[in-house]
Amino acid sequence: TLYNTNNPLDVAVEGRGFFVVQQPDGTPAYTRDGSLRLDGDGRIVNAEGFPLDPPVTVPPEATGISIAANGTVSATMNGETAPVELGQLSIATFVNPAGLAAKGHNLLVPTTASGEAQLGEPGTDGRGTLLQGSLEKANVDVVEEMIGLISAQRAYEINSKVITTADEMLRAASQMR
8 TLYNTNNPLD VAVEGRGFFV VQQPDGTPAY TRDGSLRLDG DGRIVNAEGF
58 PLDPPVTVPP EATGISIAAN GTVSATMNGE TAPVELGQLS IATFVNPAGL
108 AAKGHNLLVP TTASGEAQLG EPGTDGRGTL LQGSLEKANV DVVEEMIGLI
158 SAQRAYEINS KVITTADEML RAASQMR
């Protein structure tokens with residue numbers, strides 16, 4: 008599920024697909040984490056500082072950034088009325104996304120099981136579209152998981168008490184002879 012952040016550099020993928028980022032060694036990695044930001048050079052990067060691939064640079068005189076559902080990145084420049092197109096975000100899809108290998112920091116890399124990345128414009132060939140100002144919630148609800156953990160712990164304590172009580176009763180019964 009998605010939630011609204013109102014941050015113009017937070018972008019969620021609605022549907023299938025992954026953002027492509029360039030790792031320091033030059034190889035691509037894939038993520039659904041769209042919490043993006045600008046680095047010191049104005050490049051749009053992920054939370055780890057890895058630039059999007061293809062790279063998009065926002066000039067310092069930009070006063071607003073717009074990311075369309077199809078991945079077109081535009082900016083409103085100081086003193087200009089019409090937005091200027093800065094670049095195009097790509098989305099990667101895989102034949103078997105479950106075959107991707109986790110690399111840490113919300114990054115995934117392809118394996119033979121996942122197949123090669125198929126890059127394209129959001130909204131085409133079954134790829135999801137982008138939603139600016141939103142992020143994807145994690146698959147895990149921490150509160151629900153804690154409630155489940157507490158319930159399991161209480162059930163364990165009760166079962167342990169039953170076993171202890173049964174053991175004490177058997178011990179008492181064997182001493183009555």
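Residue numbers (this note's numbering): 8 to 184.
All C-beta atoms, glycine included, are put in the ideal place defined by N, C-alpha and C.
Please read these numbers as outputs of a predicted model, since none were measured by experiment.
Residue environment for P31: exposed (fewer than 16 other C-beta atoms within 10 angstroms of its C-beta).
Apart from the 5 residues on each side of it in sequence, A120 sits with its Cβ closer than 7 Å to the Cβ of N103 and G106 in its chain, given in chain order. DSSP places A109 in the uninterrupted beta strand (DSSP E) bounded by A108 to G111. Following the DSSP letters along the chain, one finds V80 inside the beta strand (DSSP E) bounded by residues T79 to M84. Counted as a single uninterrupted DSSP element, the beta strand (DSSP E) harbouring V18 occupies residues V18 to E21.
In chain order, A19, E21, L138, S141, L142, E143 and K144 place their CB closer than 8 Å to the CB of L9, counting only its own chain and leaving out the 5 sequence neighbours on each side. For A120, the secondary structure class from DSSP, reduced to helix, strand or coil, is coil.
T38 counts as buried, since no fewer than 16 other beta carbons sit within 10 angstroms of its beta carbon. Excluding the 5 residues flanking it on each side, P15 has same chain C-beta neighbours closer than 8 Å at G71, I72, S73, I74, Q139 and G140, in chain order. Within the model, the alpha-carbon separation for I157 versus T171 is close to 21 Å.
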